[in-house]
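In our numbering, the protein residues as written are 91 to 460. Here is the structure we will look at.
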């Protein structure tokens with residue numbers, strides 16, 4: 091199994107001197123958006139550390155504090171992990187959180203979000219992006235929910251026994267096992283995330299769901315058509331069901347060859363807001379928290395990783411060894427504050443900005459984590 095992309099981003103290319111006095115080297119000493127530190131800030135898809143880490147570096151801890159982020163949906167088991175590996179990684183993550191109580195908090199209920207905000211901790215929401223770990227374990231959903239998992243996808247890019255990813259067959263959706271899986275997830279208070287799913291899987295889940303669903307990290311096909319993005323009809327149905335749509339900061343926002351730009355990210359975000367409304371849009375950056383040092387070492391490792399993902403058949407169109415999967419403008423621990431400031435510059439009121447950078451996700455969590 092090749093390294094998960096978010097893990098890869100955290101393993102290489104991190105600048106050891108990127109933080110000074112607990113702040114990003116290129117951050118302003120004055121707030122970019124005055125209301126940022128007051129509200130609930132949640133990144134719908136972010137991996138702040140590797141699930142195999144046993145300790146965190148001073149630079150990582152400083153980045154967490156500097157970020158101002160209340161909580162993140164962190165992918166803990168990676169695509170390809172089986173049941174035992176998943177249990178082990180969850181246990182290791184919980185031990186890591188206990189080892190750094192001033193910086194981290196396990197989030198399993200909405201009260202934990204409030205506590206993380208009040209105590210200046212980074213809340214870790216255990217999320218799954220694949221379902222290999224459910225194979226041959228009838229009580230796996232109850233087990234994983236009991237261990238603290240709160241967000242799960244029915245598929246990654248390819249097919250699974252439960253659902254079908256956007257890079258696989260366009261006709262297959264949720265299987266019968268997938269319908270049972272979805273019902274069990276909602277019964278156990280787990281938010282079902284349809285990111286990476288193909289149209290039929292998304293449609294089947296929306297038809298069956300008894301609680302709000304999410305697309306935590308996606309883009310809009312109306313802006314740029316790509317298998318990892320979603321059509322307007324899908325985005326709107328998620329919103330109409332009380333769910334939330336998160337826009338990512340990945341190369342799938344456009345078909346360009348140069349650096350990713352904030353303008354393209356904001357174009358997808360604005361489209362989602364116009365289509366879905368202010369109560370149903372969020373950010374799922376699909377990034378880490380520490381800034382990436384985009385130097386020769388990182389570029390060499392990026393090339394090797396992209397080629398390995400292609401060989402494994404899990405690489406999406408647009409993953410390129412020559413195009414780093416991040417937006418330089420947002421390559422900053424206070425990425426979410428930059429998003430807030432950019433939305434303010436576009437004329438969005440504080441009410442809408444608060445919702446996009448965290449309040450909408452907090453609402454959906456409250457309605458599904460029962």
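Each residue gets a CB set at the ideal place from its N, CA and C atoms; glycine is no exception. Just so it is clear, the structure is predicted and the values come from calculations on it, not from any experiment.
(message) Output needed for residue 151: all residues of its chain with C-beta closer than 6 Å, excluding positions within five of it in sequence on either side, in chain order.
(response) Cβ neighbours of residue 151 beyond the five flanking positions: 193.
(request) Find out if the Cβ-Cβ distance for the pair residue 238, residue 245 is shorter than 8 Å. (result) No.
(request) Reducing DSSP to helix, strand and coil, say where residue 141 ends up. (result) In the three-state DSSP reduction, residue 141 falls in the coil class, being neither helix nor strand.
(request) Count the other CB atoms, across all protein chains shown, that sit within 10 Å of the CB of residue 226; report buried if there are 16 or more and exposed otherwise. (result) Answer is exposed; the Cβ neighbour count stays below 16.
(message) So, at 7 Å on beta carbons, what are the nonlocal neighbours of residue 275 in its own chain, with the 5 sequence-adjacent residues on each side left out?
(response) Closer than 7 Å at Cβ, skipping near neighbours: 231, 242 and 282.
(request) Would you mind sorting residue 158 into buried or exposed? The rule is 16 or more other CB atoms within 10 Å of its CB. (result) Buried, because 16 or more other Cβ atoms sit within 10 Å of the Cβ of residue 158.
(request) Could you tell me whether the region 290-301 touches the region 204-222, where touching means 3 or more Cβ pairs closer than 8 Å? (result) Contact fails between the region 290-301 and the region 204-222, because fewer than three Cβ pairs, one in each stretch, are under 8 Å apart.
(request) State yes or no: is the C-beta of residue 175 within less than 8 Å of the C-beta of residue 132? (result) No, these two residues do not count as a Cβ contact at 8 Å.
(message) Starting from residue 436, trace the beta strand (DSSP E) in both directions and tell me its first and last residue.
(response) In this chain, residue 436 is not harboured by any beta strand (DSSP E), its DSSP state being neither H nor E.
(message) Cutting at 7 Å between CB atoms, please list the residues of its own chain near residue 302, excluding the five before and the five after it.
(response) Taken in chain order, the residues that qualify are 331, 332, 333, 454, 457 and 458.
(request) With DSSP collapsed to three states, give me the class of residue 163. (result) Residue state for residue 163 is assigned as strand, using DSSP reduced to three classes.
(message) Restricting to Cα atoms, I'd like to know which of 411, 410 and 428 is closest to residue 418.
(response) Distance check between residue 418 and each of 411, 410 and 428 places 428 closest, using alpha-carbon atoms only.
(message) So, at 7 Å on beta carbons, what are the nonlocal neighbours of residue 314 in its own chain, with the 5 sequence-adjacent residues on each side left out?
(response) So the list reads 343, 344 and 345, once near-sequence residues are dropped.
(request) Measure how close the beta-carbons of residue 280 and residue 308 come, nearest whole angstrom, since I'm counting them as under 8 Å. (result) For residue 280 against residue 308, the beta-carbon gap comes to about 19 Å, at or over 8 Å, which does not count as contact.
(message) Just to confirm before moving on: does the CB-CB distance between residue 446 and residue 436 stay below 8 Å?
(response) Residue 436 is positioned such that its CB atom lies no closer than 8 Å to that of residue 446.
(request) Kindly identify the DSSP beta-bridge partner or partners of residue 310. (result) Answer by DSSP bridge pairing, in chain order: 320.
(message) I'd like to confirm the pairing. Which residues does DSSP put opposite residue 239 in its beta bridges?
(response) Its beta-bridge partners are 216.
(request) Indicate the three-state DSSP secondary structure (helix, strand or coil) for residue 456 in the structure shown. (result) Three-state DSSP puts residue 456 in a helix.
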